[in-house]
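Have a look at the structure below before the remarks.
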Amino acid sequence: DAGVTQSPTHLIKTRGQQVTLRCSPKSGHDTVSWYQQALGQGPQFIFQYYEEEERQRGNFPDRFSGHQFPNYSSELNVNALLLGDSALYLCASRGSGQPFYEQYFGPGTRLTVT
Amino acid sequence: AQTVTQSQPEMSVQEAETVTLSCTYDTSESDYYLFWYKQPPSRQMILVIRQEAYKQQNATENRFSVNFQKAAKSFSLKISDSQLGDAAMYFCAYRSFTGNQFYFGTGTSLTVIP
Chain U
172 DAGVTQSPTH
182 LIKTRGQQVT
192 LRCSPKSGHD
202 TVSWYQQALG
212 QGPQFIFQYY
222 EEEERQRGNF
232 PDRFSGHQFP
242 NYSSELNVNA
252 LLLGDSALYL
262 CASRGSGQPF
272 YEQYFGPGTR
282 LTVT
Chain F
2 AQTVTQSQPE
12 MSVQEAETVT
22 LSCTYDTSES
32 DYYLFWYKQP
42 PSRQMILVIR
52 QEAYKQQNAT
62 ENRFSVNFQK
72 AAKSFSLKIS
82 DSQLGDAAMY
92 FCAYRSFTGN
102 QFYFGTGTSL
112 TVIP
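So the sequences go chain by chain: U and F.
By the count of our numbering, the first sequence reaches residue 285 at its end, each step adding exactly one.
By the count of our numbering, the second sequence reaches residue 115 at its end, each step adding exactly one.
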């Protein structure tokens, strides 16, 4: 079992550009959450996807959008990048039939905006 | 919104000794869950221990135990017989009983001295 995988591992973008990050959940998991972890901070909840719908959203602007595919994988899109978007982006997955605390995190994507 | 505070940015402990990491939180809810997560240099967040607010008994997982003081809104983590592999960032997190969002503190960096 590969666990939660994220791609790419690192990327560098320029202010104003758009970026897409990808997450493949652990086998058997159908719920995906995204978090932003700025340097020296704890993760902040961006949103959660289940059955291809955004189920809950944290306090993030509309520049942050997502998508979940029929195979449960997910994408996080960020438009009009700002320097402040530089962070580690974490994906977490769990099975809807499992306890919510049994969520598994991926290793993250380190985004640097210059 | 709920807030989670970790007032110890860094802690150190001698190998085989005991260390306690502090966490306080603010909420108006009566039912919720609290967690400690570990984030090693590999960046992958791992659940260490959880506590349901309705349970008076403090949770224990092998060398890890918590001191949950609901009235004081305090949730500390005790690591006994510290091992080199315990070195990591530790995050305290809160989740309400009904929501999907986790709220994380800013973390405590734990160093284990051989």
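Think of the CB as a built atom: it goes at the ideal place given N, C-alpha and C, for glycine as much as any other residue.
None of these values were measured; they are calculated from a predicted model.
**Prompt:** If you draw a straight line from the alpha carbon of phenylalanine 69 of chain F to that of phenylalanine 92 of chain F, how long is it in whole angstroms?
**Reply:** Reading the second sequence from its first residue, position 68 is the one you call residue 69 of chain F. Reading the second sequence from its first residue, position 91 is the one you call residue 92 of chain F. When only Cα atoms are considered, phenylalanine 69 of chain F and phenylalanine 92 of chain F end up about 15 Å apart.
(Q) Just to confirm before moving on: does the CB-CB distance between glutamine 3 of chain F and threonine 28 of chain F stay below 7 Å? (A) Position 2 of the second sequence, counted from the start, is the residue given in the question as residue 3 of chain F. Position 27 of the second sequence, counted from the start, is the residue given in the question as residue 28 of chain F. Yes, the Cβ-Cβ distance between glutamine 3 of chain F and threonine 28 of chain F is below 7 Å.
For the region 99-112 of chain F, list every residue whose C-beta sits within 9 Å of some C-beta in chain U, in sequence order. Cβ contacts with chain U come from Gly100, Asn101, Gln102, Phe103, Tyr104, Phe105, Gly106, Thr107, Gly108.
query = Three or more C-beta pairs closer than 8 Å, one from the region 256-268 of chain U and one from the region 60-74 of chain F: is that the case here?
reply = No, because fewer than three Cβ pairs between the region 256-268 of chain U and the region 60-74 of chain F fall closer than 8 Å, the two stretches do not touch.
Exercise. What span of residues does the beta strand (DSSP E) with glutamine 15 of chain F cover, start to end?
Worked result: The residue labelled residue 15 of chain F in the question sits at position 14 within the second sequence. Counting along the chain, glutamine 15 of chain F sits inside the beta strand (DSSP E) bounded by residues 11-15.
| Under the DSSP definition of a beta bridge, which residues are partnered with serine 245 of chain U? | Numbered from its first residue, the first sequence carries residue 245 of chain U at position 74. DSSP lists U:Cys194, U:Gln239 as partners of serine 245 of chain U.
Worksheet item: If contact means a Cβ-Cβ distance below 9 Å, which residues of the region 33-46 of chain F contact chain U?
Response: In summary, the residues of the region 33-46 of chain F whose CB is separated from some CB of chain U by less than 9 Å are Tyr34, Phe36, Tyr38, Gln40, Ser43, Arg44, Gln45, Met46, in the order they occur in the chain.
Worksheet item: Within 7 Å (strictly less), CB to CB, does phenylalanine 235 of chain U reach chain F?
Response: In the first sequence, counting from the first residue as 1, residue 235 of chain U sits at position 64. For phenylalanine 235 of chain U, the answer is no, since every Cβ of chain F falls outside 7 Å of its Cβ.
Open item on the list: So if I threshold CB-CB distances at 7 Å, which residues from the region 85-98 of chain F count as touching chain U?
Closed with: Those would be Phe92, in chain order.
Open item on the list: Using the Cβ count rule (16 or more neighbours within 10 Å means buried), how would you classify histidine 238 of chain U?
Closed with: In the first sequence, counting from the first residue as 1, residue 238 of chain U sits at position 67. Counting the other Cβ atoms within 10 Å of the Cβ of histidine 238 of chain U gives fewer than 16, which makes it exposed.
Requested in this report: Would you mind reading off the limits of the beta strand (DSSP E) that contains threonine 99 of chain F?
Outcome: Taking the second sequence and counting its residues from 1, the one referred to as residue 99 of chain F is at position 98. Premise fails: threonine 99 of chain F is in no beta strand (DSSP E) and is neither H nor E.
Counting only beta-carbon separations shorter than 7 Å, does arginine 64 of chain F have a partner in chain U?
Along the second sequence, read from residue 1 onward, the residue named residue 64 of chain F stands at position 63. Chain U has no Cβ within less than 7 Å of the Cβ of arginine 64 of chain F.
Do valine 5 of chain F and tyrosine 26 of chain F have their C-beta atoms within less than 7 Å of each other? Counted from its first residue, the second sequence places residue 5 of chain F at position 4. Counted from its first residue, the second sequence places residue 26 of chain F at position 25. By the CB criterion at 7 Å, valine 5 of chain F and tyrosine 26 of chain F fall inside the cutoff.
Please confirm whether glycine 213 of chain U has its beta-carbon closer than 7 Å to some beta-carbon of chain F. Translated into positions along the first sequence, residue 213 of chain U becomes position 42. For glycine 213 of chain U, the nearest CB of chain F lies under 7 Å from its own CB, placing it at the interface with that chain.
Check whether the Cβ atoms of arginine 228 of chain U and phenylalanine 240 of chain U lie closer than 7 Å to each other. By one-based count along the first sequence, residue 228 of chain U stands at place 57. By one-based count along the first sequence, residue 240 of chain U stands at place 69. Not a contact, by the Cβ cut-off of 7 Å.
Using 7 Å as the threshold, is the C-beta distance between glutamine 40 of chain F and alanine 89 of chain F below it? To locate residue 40 of chain F, count along the second sequence from 1; it is residue 39. To locate residue 89 of chain F, count along the second sequence from 1; it is residue 88. Taking 7 Å as the Cβ cut-off, glutamine 40 of chain F and alanine 89 of chain F qualify as a contacting pair.
* To do: Starting from the Cα of glycine 199 of chain U, find the closest Cα among U:Tyr221, U:Gly213, U:Gln189 and give me that residue.
  => If you number the first sequence from 1, residue 199 of chain U lands on position 28. The candidate whose alpha carbon is nearest that of glycine 199 of chain U is U:Tyr221.
Mind listing the chain U neighbours of leucine 48 of chain F? Cutoff is C-beta to C-beta under 7 Å, in chain order. For the purposes of this step, residue 48 of chain F is taken as residue 47 along the second sequence, with counting starting at 1. Those within 7 Å of leucine 48 of chain F in chain U are Tyr272.
Closer than 8 Å is the cut-off here; do at least three beta carbon pairs connect the region 13-26 of chain F with the region 272-279 of chain U?
Touching, no.
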